[in-house]
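**Q** Residues in the sequence shown are numbered consecutively from 18, following our numbering.
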Amino acid sequence: MKKSAYILFSFILLVFAACQNVDHAEKPENLIAEDKMIDVLTDLLKLDAAEGFSSIEYEKREVKTKELIFEKYKIDSLQFVNSVEYYAEDFKTNERIYSEVQDRLEAEKKELDSLVEAEKKEKKNKKAELKKEIEPKEEGDKKPVFKSTTSILKEDTRS
18 MKKSAYILFS FILLVFAACQ NVDHAEKPEN LIAEDKMIDV LTDLLKLDAA
68 EGFSSIEYEK REVKTKELIF EKYKIDSLQF VNSVEYYAED FKTNERIYSE
118 VQDRLEAEKK ELDSLVEAEK KEKKNKKAEL KKEIEPKEEG DKKPVFKSTT
168 SILKEDTRS
């Protein structure tokens with residue numbers, strides 16, 4: 018009997034809890050458009066990563082990364098927070114935004130990795146070319162790097 022009363026009480030409590038009116042964020046008047054939000058979040062994440070990579074340098078220079086991004090996109094922090102809250106309530110929209118941000122960051126990483134790889138190859142090729150220029154091609158092409166002391170003395174006596 019006690020067990021069934023406990024189950025009934027738990028069920029009634031769950032029903033009342035489920036029927037509560039959940040406040041949803043109203044659409045802000047100055048909502049940041051999805052495309053712009055993707056741009057803002059992409060830049061914020063890149064700057065955040067750069068700041069984490071070299072935080073001492075950012076502290077020295079007192080760089081305010083968020084403020085720089087907000088200036089770039091002509092938005093303010095309240096507008097950003099309200100837009101983030103609004104999009105966070107719509108799972109599909111929020112997922113679409115962050116998925117696009119992730120895709121952009123991965124594409125930029127691939128591009129940067131390929132540029133770094135190309136630069137490494139170029140340096141390697143230049144190094145090989147310089148090495149070929151320095152090394153003599155045949156045994157007969159070798160010239161003495163240093164003059165012998167006798168040849169130096171002969172040159173001095175001629176002068």
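The beta-carbon is built from N, C-alpha and C at its ideal position, and this holds for glycine as well.
Here the structure is a predicted model, which is why all the values come from computation and not from measurement.
Whole alpha helix (DSSP H) runs in the segment 49-133 with 4 or more residues, listed along the chain?
**A** You should have 51-70, 72-78, 82-89, 94-106.
**Q** Label Ile-151 either buried or exposed according to how many other C-beta atoms from any shown protein chain fall within 10 Å of its C-beta, with 16 as the threshold for buried.
**A** Per the 10 Å Cβ criterion, exposed.
**Q** Would you call Ser-131 buried or exposed, if buried means 16 or more other Cβ atoms sit within 10 Å of its Cβ?
**A** Answer is exposed; the Cβ neighbour count stays below 16.
**Q** Buried or exposed: Leu-85, going by 16 or more other Cβ atoms within 10 Å of its Cβ?
**A** The residue is exposed, with fewer than 16 neighbouring Cβ atoms inside 10 Å.
**Q** Is the segment 87-106 touching the segment 119-126, taking contact as three or more C-beta pairs under 8 angstroms?
**A** Flag = no, the segment 87-106 and the segment 119-126 do not touch.
**Q** So which of Lys-89, Lys-140, Lys-143, Leu-129 has the shortest CA-CA distance to Lys-53?
**A** It is Lys-89.
**Q** Of the choices Glu-46, Asn-47, Glu-51, whose alpha-carbon is the least far from that of Asp-107?
**A** If we check each option's Cα against that of Asp-107, Glu-51 comes out closest.
**Q** Whole angstroms are fine: how far does the CA of Gln-119 sit from the CA of Lys-148?
**A** Roughly 43 angstroms between the two C-alpha positions.
**Q** Taking Cβ to Cβ, would you say Thr-59 is nearer than 9 angstroms to Glu-68?
**A** Cβ distance not < 9 angstroms, so Thr-59 and Glu-68 don't count as in contact.
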